[in-house]
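Numbering (the working numbering), first residue to last: 3 to 176.
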């Protein structure tokens with residue numbers, strides 16, 4: 003029963019993550035992702051994946067910051083501060099390879115999000131962020147995390163297939 007409840011937290015995080023992409027405005031998207039991060043933080047904590055837990059707790063801050071902050075200058079410096087916090091979290095909770103890849107994924111995610119370029123965000127998601135989190139989630143056996151990152155990879159592949167690889171690569175921004 004305990005394992006079921008732990009996995010349920012990840013499934014709730016996954017559902018909220020999926021729901022975030024249905025939001026009509028970016029503010030609500032970030033807020034849904036913040037709440038999703040809360041459930042994943044709990045999921046990873048109870049799976050003894052403390053780096054993943056702390057990184058997702060910091061995602062709550064990142065989501066709220068991006069949702070409510072209007073100043074691009076503040077967002078830029080806050081993103082740098084968050085990346086430093088992600089690295090500090092990874093170091094302070096280090097437990098091997100899974101800590102390293104989760105930390106790299108978080109820093110990469112913050113960098114790609116700060117570009118506001120859909121092409122860069124999607125490529126980062128496809129070739130870095132989601133594969134790294136997927137490996138982390140397999141290692142700590144977070145079913146919700148595994149499904150979330152698998153969905154993200156498939157979603158980007160579908161987008162690129164619909165758009166066409168050549169069109170996608172040659173587009174300045176999407």
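C-beta: ideal position from N, C-alpha, C; glycine also.
- Burial check for residue 104: the Cβ neighbour count within 10 Å reaches 16 or more, so the residue is buried.
- Nearest neighbour of residue 150 by Cα position, chosen from 13, 130, 121, 27, turns out to be 13.
- Here residue 98 carries a coil assignment [DSSP, helix/strand/coil].
- When Cβ pairs closer than 8 Å are counted between the two stretches, the stretch 12 to 28 is seen to touch the stretch 145 to 162, the count reaching three or more.
- Per DSSP, the unbroken alpha helix (DSSP H) holding residue 121 starts and ends at 120 to 126.
- When DSSP states are grouped into helix, strand and coil, residue 58 belongs to the helix group.
- By the beta-carbon neighbour count (other beta carbons within 10 angstroms, threshold 16), residue 167 is exposed.
- With fewer than 16 other Cβ atoms inside 10 Å of its own Cβ, residue 172 counts as exposed.
- With contacts defined as CB atoms closer than 8 Å, residue 102 and residue 84 fail to qualify as a contacting pair.
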